[in-house]
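If you count the sequence shown from 1, position 228 lands on 1721 in the numbering used here, and the numbers rise without skipping.
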Amino acid sequence: MSGMNLDQDLETRINPEKNRQFAPEEFGRRLIQLKEFAIHHWPRKNGLRISVVGTNGKGSVSHYLSSLLLSSGIQTGVYSSPHLEHYSERIQIEGKSGQTDLNHAYLALRSSFMDWDADLWHSLSYFELLTLLAIELFQASSIPVQIYEAGLGGRLDASGLCDPDIVIVTRIALDHTKLLGNTREAIFQEKLGIAGKSARYIFLMEERYENLARNLLERAGHEDPSANSKEKAVPAQVHCFEAGGSARQNYLQENFAFAKWILTQLADPLMSSQIQDAGSSPSLRLLKEKIQSFRFSDVPAPPGRMLDYRGYGIRWMYDSGHNPASLFTVLKSFSTPPLLVLGILPDRSYAHFLRVARWLGVSVIFCIERPGLADIPEEVRYYSLEDSREAETYGTPGLATGELSESTASKNPVPGTEADGHFPSRVKPSVYRLSASLSASQLRKTLLDCAHSKQYGHSRNASKDKKQSVQTEEEVTILFTGSYRIYDLFLEILGGDIVHA
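If you want it as structure tokens, here you go:
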């Protein structure tokens, strides 16, 4: 590996993001060794380090924190995952990726590891290497505020090597339960486990976890073997967000409000001085007035989130949400259900996504056949021109009844969430597969045929709430979601005849 460049090296690394084979025990063992390296290699922080953990919303909250700080004149670095097109997107300073800077950081990091423990260097995973590169680059560049988005975990997540001063916990949902636990409380505990002895403040998006957070932090302080009886560690302070705004605001608006609230809290004179006393941060006292003046429309949307285009006479949207809870959140923001195109990761089940889609009134769903995506249930057939001519077709013949049965569909598919005025649809959605052999132009034609068909128009009308029975014709929307792995396909299908909404 010594003669490799960064691109070549990453190609050789174990990549659980790609193969979906996570090994928490192995990560945990290696993390102990990596913490020793981090203490040796970065003995002193030169910036405020913020960890963002949670099930959904990590990326957009990190983005809004960075955007607001940069707009206020504070240099900020962000480490995020996954990327849409190139790994360099994950590590940004002042909103920009620098491949040359990454290459320099890679060479410096590799040299230090070779002197410390060459075997440990060779064992690093794709995510671990990029995480260490982010810390190396931010430290070398003396970035005053550094934001690290966690992967799927917290306690065993490599991003915890930043030893955060502040931990932010976004929304928690039942996801990766085999790795993180079968309840929201267990998952929250795993996520909060990223908070170490340096953590001074914890910001929670959901107030329901406040008592649990305080208990966990207090228990961790008592169990810390390095804290003697005379010098007990002071637990981090816990602050909870009180969400406001209209019920119709989308999840990005809520995440923006959360990020803005956090920075307003950090700009409080007392909190700001305490952070600065830790010797790891510039003064944040001057932030408050600037932050409060920013509106949602002043900040660009996060990459891959609620992308909105017009083309071929209809509206096309893409969101990189990757689990049923994120699909639930995205669909809630539509007044009329979109035509849904799903491409989900191979460790996911279409059954859960289909239940969410039905619950929120989606009438037509396409599942994408493609390497690297989940297998589509065998019963789901290909879409044909005959389907576009049928006005009364609901439900895919032969689709497993357990997935979309009346008893199943009548229960909220994402417990712990509110439908905000939405009601379970009694119309079974039509579910089709999009063949992997179709070109982008053929896929586009298929989707346009369906969007303009009698079937889709009839189904949309049937799915509307009775209170909305009298309304003007709404624009047809096609929504692509389920994973970041269909982003390039989304762009190919749109081609050149598009404009940003």
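Glycine residues also receive a C-beta, built at the ideal position from the N, C-alpha and C atoms.
Keep in mind that this is a model prediction, so the values were computed, not measured.
Could you say which of G1653, E1683, A1736 lies nearest to I1665 if we only look at CA atoms? Locating residue 1665 in the sequence shown gives position 172, counting from the first residue. It is E1683.
Buried or exposed, going by whether 16 or more other CB atoms sit within 10 Å of the CB of K1589? Taking the first residue of the sequence shown as 1, we reach residue 1589 at position 96. By the neighbour-count rule (16 or more Cβ atoms within 10 Å), K1589 is not buried but exposed.
C-beta atoms of L1927 and L1936 nearer than 8 Å: Residue 1927 sits at position 434 when you count from the first residue of the sequence shown. Residue 1936 sits at position 443 when you count from the first residue of the sequence shown. Yes; because the gap between Cβ atoms is below 8 Å, this pair is in contact.
Looking only at C-alpha atoms, which of L1645, L1649, A1611, A1601 sits nearest to F1631? By 1-based counting over the sequence shown, the position of residue 1631 is 138. Comparing Cα positions, the closest option is A1601.
For the beta strand (DSSP E) containing F1696, name the first residue and the last one. Position 203 of the sequence shown, counted from the first residue, corresponds to residue 1696. Its beta strand (DSSP E) spans residues 1694 to 1697.
Start and end of the beta strand (DSSP E) containing Y1811? Working through the sequence shown from its first residue, we reach residue 1811 at position 318. Start and end: 1807 to 1811.
Opening and closing residue of the alpha helix (DSSP H) in which T1974 lies: One-based indexing of the sequence shown puts residue 1974 at position 481. Per DSSP, T1974 belongs to no alpha helix (DSSP H); it is in the beta strand (DSSP E), 1970 to 1974.
Over the uninterrupted beta strand (DSSP E) stretch that includes T1569, give me the two end residues. In the sequence shown, the residue the question calls residue 1569 occupies position 76. From DSSP, the beta strand (DSSP E) with T1569 extends over 1569 to 1572.
I need the straight-line Cα distance from R1693 to P1728, nearest angstrom please. Numbered from 1 along the sequence shown, position 200 holds the residue referred to as residue 1693. Numbered from 1 along the sequence shown, position 235 holds the residue referred to as residue 1728. Distance between the alpha carbons of R1693 and P1728 is about 7 Å.
So the beta strand (DSSP E) L1544 belongs to, where does it begin and stop? Stepping through the sequence shown from its first residue, residue 1544 is reached at position 51. Note that residue 1544 corresponds to Ser in the displayed sequence, not to Leu. Run containing S1544: 1541 to 1546, per the beta strand (DSSP E) assignment.
Could you pull out every residue in the same chain whose Cβ sits closer than 7 Å to the Cβ of E1699, ignoring the five residues on either side in sequence? The residue given as residue 1699 occupies position 206 in the sequence shown. These residues qualify, in order along the chain: R1664, I1665.
With DSSP collapsed to three states, give me the class of G1891. For the purposes of this step, residue 1891 is taken as the residue at position 398 of the sequence shown. For G1891, the predicted model reports a pLDDT of 34, less than 50, meaning its position is unreliable; a value from the coordinates is still stated below. G1891: coil per DSSP, three-state reduction.
Let me make sure I understand the geometry here. Which of N1704, L1623, K1538 has the alpha-carbon closest to that of A1598? Looking up residue 1598 in the sequence shown gives position 105. The candidate whose alpha carbon is nearest that of A1598 is L1623.
Three-state secondary structure (DSSP) at I1755? As a working mapping, residue 1755 is identified with position 262 in the sequence shown. Correct three-state label for I1755: helix.
Terminal residues of the continuous alpha helix (DSSP H) containing E1642? Locating residue 1642 in the sequence shown gives position 149, counting from the first residue. Counting along the chain, E1642 falls outside any alpha helix (DSSP H), though it belongs to the beta strand (DSSP E) covering 1638 to 1642.
Leaving out five residues before and five after P1657 in sequence, what residues of the same chain have Cβ atoms less than 8 Å from its Cβ? For the purposes of this step, residue 1657 is identified with residue 164 of the sequence shown, where counting begins at 1. Only R1542, I1543, S1544, Y1641, I1687, A1688, G1689, S1691, A1692 meet the Cβ criterion.
Please identify the residue among M1799, Y1702, R1841 whose C-alpha is closest to the C-alpha of K1671. Numbered from its first residue, the sequence shown carries residue 1671 at position 178. The residue with the shortest Cα to Cα distance from K1671 is R1841.
In this structure, does DSSP put H1732 in helix, strand or coil? Translated into positions along the sequence shown, residue 1732 becomes position 239. In this structure, H1732 counts as strand in the three-state DSSP scheme.
Quick one: is H1815 buried, meaning 16 or more other Cβ sit within 10 Å of its Cβ, or exposed? Along the sequence shown, one-based indexing puts residue 1815 at 322. That one is buried.
Between V1638 and I1695, is the Cβ-Cβ spacing less than 8 Å? The residue given as residue 1638 occupies position 145 in the sequence shown. The residue given as residue 1695 occupies position 202 in the sequence shown. Taking 8 Å as the Cβ cut-off, V1638 and I1695 do not qualify as a contacting pair.
Can S1604 and I1507 be called in contact, C-beta distance under 8 Å? As a first step, residue 1604 must be located in the sequence shown, where it is residue number 111. As a first step, residue 1507 must be located in the sequence shown, where it is residue number 14. No, the Cβ-Cβ distance between S1604 and I1507 is not below 8 Å.
Where M1799 falls, given that 16 or more other Cβ within 10 Å makes a residue buried: As a first step, residue 1799 must be located in the sequence shown, where it is residue number 306. Label assigned to M1799: buried.
Look up Y1980 in the DSSP assignment and give the residues it is bridged to. Counting from one through the sequence shown, the residue named residue 1980 turns up at place 487. DSSP, once it has assigned bridges, lists no residue as partnering Y1980.
From this set, L1835, Q1568, R1863, which residue's C-alpha is nearest R1975's C-alpha? Residue numbering aside, residue 1975 sits at position 482 when the sequence shown is read from its first letter. It is Gly, not Arg, that sits at residue 1975 in the sequence shown. Cα-wise, what sits closest to G1975 is L1835.
Beta-carbon proximity check, P2003 vs L1853, cutoff 8 Å: Residue coverage of the chain in this structure runs from 1494 to 1994, which leaves residue 2003 outside it and unanswerable.
State the start and end residues of the unbroken beta strand (DSSP E) segment that holds L1800. The residue given as residue 1800 occupies position 307 in the sequence shown. Here the beta strand (DSSP E) through L1800 covers 1800 to 1804.
What is the rounded straight-line gap between the Cα of P1795 and the Cα of G1714? Taking the sequence shown and counting its residues from 1, the one referred to as residue 1795 is at position 302. Taking the sequence shown and counting its residues from 1, the one referred to as residue 1714 is at position 221. Those two C-alpha atoms are separated by around 36 Å.
Is Q1514 helix, strand or coil by DSSP? Position 21 of the sequence shown, counted from the start, is the residue given in the question as residue 1514. Three-state result, Q1514: coil.
By how many angstroms is the C-alpha of N1743 removed from the C-alpha of A1893? Here residue 1893 is taken as the residue at index 400 of the sequence shown, counted from 1. Here residue 1743 is taken as the residue at index 250 of the sequence shown, counted from 1. Note that A1893 scores 39 on pLDDT, short of 50, meaning its location in the model is unreliable and no value can be drawn from it.
Beta-carbon contacts of A1643 that lie in its chain and below 7 Å, excluding the five residues immediately before and after: Along the sequence shown, read from residue 1 onward, the residue named residue 1643 stands at position 150. Here the set comprises S1544, V1545, V1546, K1551, D1650, S1652, I1687.
Leaving aside the five residues before and after E1578 along the sequence, list all residues of the same chain whose C-beta is less than 8 Å from its C-beta, in chain order. For the purposes of this step, residue 1578 is taken as residue 85 along the sequence shown, with counting starting at 1. Hits under 8 Å: Y1980, D1981.
Going by CA-CA distance only, name the one from L1499, R1848, A1679 that's closest to L1625. The residue given as residue 1625 occupies position 132 in the sequence shown. Out of L1499, R1848, A1679, L1499 has the C-alpha closest to the C-alpha of L1625.
Per DSSP, K1589 forms a beta bridge with which residues? Residue numbering aside, residue 1589 sits at position 96 when the sequence shown is read from its first letter. According to DSSP, which records beta bridges pairwise, K1589 is partnered with I1586.
Using a Cβ-Cβ cut-off of 6 Å (strictly less than) and excluding sequence neighbours within five positions of E1885, which residues of its own chain qualify? Locating residue 1885 in the sequence shown gives position 392, counting from the first residue. The predicted position of E1885 is uncertain, since its pLDDT is 37 and thus under 50; a value taken from the coordinates is nonetheless stated next. Within the same chain, no residue comes within 6 Å of E1885 by CB-CB distance, once the 5 residues on both sides are set aside.
For the stretch 1621 to 1693, which segments carrying the alpha helix (DSSP H) assignment without a break, of at least 4 residues, lie completely within its bounds, in sequence order? 1670 to 1673, 1677 to 1685
Using only CA atoms, which one of G1865, L1866, C1860, P1864 lies nearest to R1874? Position 381 of the sequence shown, counting from 1, holds the residue named residue 1874. Among G1865, L1866, C1860, P1864, the Cα nearest to that of R1874 belongs to C1860.
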